[in-house]
Amino acid sequence: FQPLDLPWHKIRSIPFTDTNTPAITDKSVLMLNLRKPAFIFNLVGILLFFVGLYMLTEDPRNGTYLMYVGLGMAVIYWIWSVIDVLTADDLKPYQKKFWLIIVLIVPSFGGALYHLMHQRRNKIVT
């Protein structure tokens, strides 16, 4: 087994069965989508909301504060997701309508679903 001379960030997996086959050089789609700042912002907002909801029983003042911070982050994320869908130039008109309806009807979950499933170069799951 010889190590491949590729940059570490381009290696997805190294084959162990056949040493003559080069490693896959594209990144995992899930890892690319999880690195989107809007998606991470949503996860932090949801986490803060539920931590604040839990804290309401023991410390109502701070629990309420955390809940409102999480709710505020969710509203910001919702607006961010709507803007992302409207400004996406790689979506066809029917795809934009579909994602806009999903993001508007189910705000936090719809936006997260859009950011997870939306890929580059006009490849989208609808």
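Quick note: the sequence shown uses this note's numbering, first residue 1365, plus one each step. We treat Cβ as the ideally placed atom computed from N, Cα and C, and that holds for glycine.
Whether residue i touches residue j by CB criterion (8 Å)
i     : j     : result
G1434 : L1412 : yes
I1466 : L1477 : yes
L1417 : M1437 : no
W1463 : A1402 : no
Beta-carbon separation (whole angstroms), residue i vs residue j, contact threshold 8 Å
i     : j     : result
Y1441 : G1409 : 6 Å
A1452 : K1460 : 7 Å
Alpha-carbon spacing of residue i relative to residue j, whole angstroms
i     : j     : result
L1468 : G1474 : 7 Å
H1482 : R1425 : 39 Å
G1427 : V1415 : 7 Å
L1407 : V1439 : 13 Å
Contact set for residue i: own chain, Cβ-Cβ below 6 Å, skip 5 residues either direction
i     : result
P1471 : W1442
F1405 : Y1441
L1394 : For L1394, the predicted structure reports a pLDDT of 47, less than 50, and the residue's modelled location is therefore unreliable. A value from the coordinates is still provided. None.
Beta-carbon proximity list for residue i, same chain, < 7 Å, skipping 5 on both sides
i     : result
Y1458 : none
K1400 : H1479
| request: Could you tell me whether the stretch 1421 to 1432 touches the stretch 1447 to 1459, using the rule of 3 or more Cβ pairs below 8 Å? | output: no
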